[in-house]
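Below is one structure, written out as structure tokens; comments come after it.
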Amino acid sequence: MDVHVADHPLIAHKLTYLRDKRTDSPTFRRLAEELVTLLAYEATRDVRVEPFEIETPVSPTTGIKLSNPKPIIVPILRAGLGMLDGMVKLLPSAEVGFLGMIRNEETLEVSTYANRLPDDLTGRQVFILDPMLATGGTLVMAIDYLTAKGARDITAVCLLAAPEGIKHLEDELADSDIPVKVVLGTIDEKLNEKGYIVPGLGDAGDRLYGVV
Numbered sequence: 066m067d068v069h070v071a072d073h074p075l076i077a078h079k080l081t082y083l084r085d086k087r088t089d090s091p092t093f094r095r096l097a098e099e100l101v102t103l104l105a106y107e108a109t110r111d112v113r114v115e116p117f118e119i120e121t122p123v124s125p126t127t128g129i130k131l132s133n134p135k136p137i138i139v140p141i142l143r144a145g146l147g148m149l150d151g152m153v154k155l156l157p158s159a160e161v162g163f164l165g166m167i168r169n170e171e172t173l174e175v176s177t178y179a180n181r182l183p184d185d186l187t188g189r190q191v192f193i194l195d196p197m198l199a200t201g202g203t204l205v206m207a208i209d210y211l212t213a214k215g216a217r218d219i220t221a222v223c224l225l226a227a228p229e230g231i232k233h234l235e236d237e238l239a240d241s242d243i244p245v246k247v248v249l250g251t252i253d254e255k256l257n258e259k260g261y262i263v264p265g266l267g268d269a270g271d272r273l274y275g276v277v
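Residue numbers for the sequence shown, in our numbering: 66 to 277.
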């Protein structure tokens, strides 16, 4: 597993305001979208491309375009939806799937309740969007679900992570031959007894869309 922390002052700046409990939902959504666009530059560094012949106003030339089959972006519902627009801005031709997963706040176990994905992901580059890598359970289950559909090139984009979640993910993927890359805005201090990232930013879904 390859873990990449995107160290940039603009990322740190936006994370600061995301963390602030005074930041309202509309501002939180805008900042999350901007932050994901910055993280997407790193996440898509190895996106597959192929030559593409064009003509400029001056002469013919060879450029590049995204290869087929197109990448697929998979936000983890519901909080991952707040990251989708920022990713699609960089990959407008990518397809979008959805994976609904929920964590039991008492047992911290994760279950899947919905999916909208192709039956076969063979040959597809998959980009998972999930704001928080906390215990790592959600991301482990999501990766297992996608690999069962044939995915063999997976990149997860998270705003921030806890060391415990990274360790759990590494342990679960230790015997896998499938390359997984994790792109993060930052790595925080720890998890608390409730499985929340410290200092973190609270419940990303609630802060994006309100308490439901």
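Where is the CB? At the ideal position from N, CA and C, for every residue including glycine.
Would you please state the rounded distance, in angstroms, between the beta carbons of residue 148 and residue 196? I believe it to be under 8 Å. 6 Å
So if DSSP puts residue 176 in a beta bridge, which residue, or which two residues, is it bridged to? DSSP output for residue 176 lists 167 as bridge partner(s).
Which runs of the alpha helix (DSSP H) at least 4 residues long sit entirely within the region 177 to 248? Give them in chain order. 202 to 213, 228 to 238
Simplified DSSP state of residue 112, which is helix, strand or coil: coil
Hey, residue 243 and residue 253: beta-carbon distance below 8 Å or not? no
Short check: CB of residue 138 to CB of residue 164, under 8 Å? no
Three or more C-beta pairs closer than 8 Å, one from the region 94 to 104 and one from the region 145 to 159: is that the case here? yes
Helix or strand or just coil, what does DSSP make of residue 78? helix
Find out if the Cβ-Cβ distance for the pair residue 215, residue 185 is shorter than 8 Å. yes
So residue 226 and residue 249 are supposed to be a Cβ contact under 8 Å. How far apart are they, rounded? Correct: roughly 5 Å between the Cβ atoms.
Rounded to whole angstroms, what's the CA-CA distance from residue 86 to residue 266? Just pull it up for me. 8 Å
Taking the alpha helix (DSSP H) that residue 149 belongs to, which residues open and close that run? 146 to 153
Same chain only: Cβ atoms within 6 Å of residue 76, ignoring 5 sequence neighbours per side: 103, 250
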